[in-house]
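As structure tokens, the structure follows; a few thoughts come after it.
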Amino acid sequence: MRLMGVAADAHGRYGAAGAVAYAAHPRDQQDDVMLNHVMVGTNDIARARAFYDAVLGGVFSAPAPFVNQAVSGHTRLFYRHAGSTFCVSEPINDEPASPGNGATIGFKCDSPEQVQHFHDIAVAAGGISIEKPPGLRESSMGPTWLAYVRDPDGNKLCAIYRPA
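See the structure below:
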């Protein structure tokens with residue numbers, strides 16, 4: 010991304026009049042990544058940051074989020090990892106954040122152990138274990154290891170591993 014007349018900072022981010030965008034990351038060009046980003050809302054940005062710092066940092070070694078303060082005053086967190094971005098935001102319409110009914114956000118894991126690790130860290134950080142206990146499920150797509158939790162705002166998260 011290039012913004013006319015605005016210089017990038019040391020992290021490749023651009024700022025103008027309080028609004029901040031960041032330059033395209035080389036991994037944004039990867040062909041094997043289907044989604045660019047997922048964003049969920051929160052009613053407590055500090056609580057959400059503590060939860061996602063623990064889960065995304067502890068399980069995927071995701072770096073600390075880029076924190077964006079919008080011109081409107083709303084705070085957003087952007088966690089970048091392996092060509093994707095997971096975002097947490099205070100709703101910009103000033104309505105309460107609420108989880109999507111029927112929505113699930115799935116995090117791809119590298120092993121059954123990482124699925125369990127995701128679950129354990131999420132619960133320790135204030136998440137709630139839901140559905141069946143973490144573990145192997147047989148499905149039409151073959152053996153799949155799953156763990157489901159809700160974050161402190163009620164968003165449904167899934168850790169998933171499918172062997173090749």
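Note that my numbering has the sequence shown beginning at 10, numbered continuously upward.
Heads up, the beta-carbon is just placed ideally off N, CA and C, and yes, glycines get one too.
Source: prediction; values computed, not measured.
Which of the three DSSP states is assigned to G144 in this structure? It is a strand residue.
Can you tell me whether L155 is helix, strand or coil according to DSSP? It is a strand residue.
Using the Cβ count rule (16 or more neighbours within 10 Å means buried), how would you classify H34? Any answer about H34 is weak, because its pLDDT of 43 lies below 50 and its placement is not dependable; what the coordinates show is given next. It is exposed - the Cβ of H34 has fewer than 16 other Cβ atoms within 10 Å.
Rounded to a whole number of angstroms, what is the C-alpha to C-alpha distance between N164 and S149? If I take the Cα positions, the gap works out to 26 Å.
Sort out for me which residues DSSP pairs I137 with in a bridge. DSSP lists R159 as partners of I137.
I'd like to confirm the pairing. Which residues does DSSP put opposite Y61 in its beta bridges? BP columns for Y61 are empty, so no partner.
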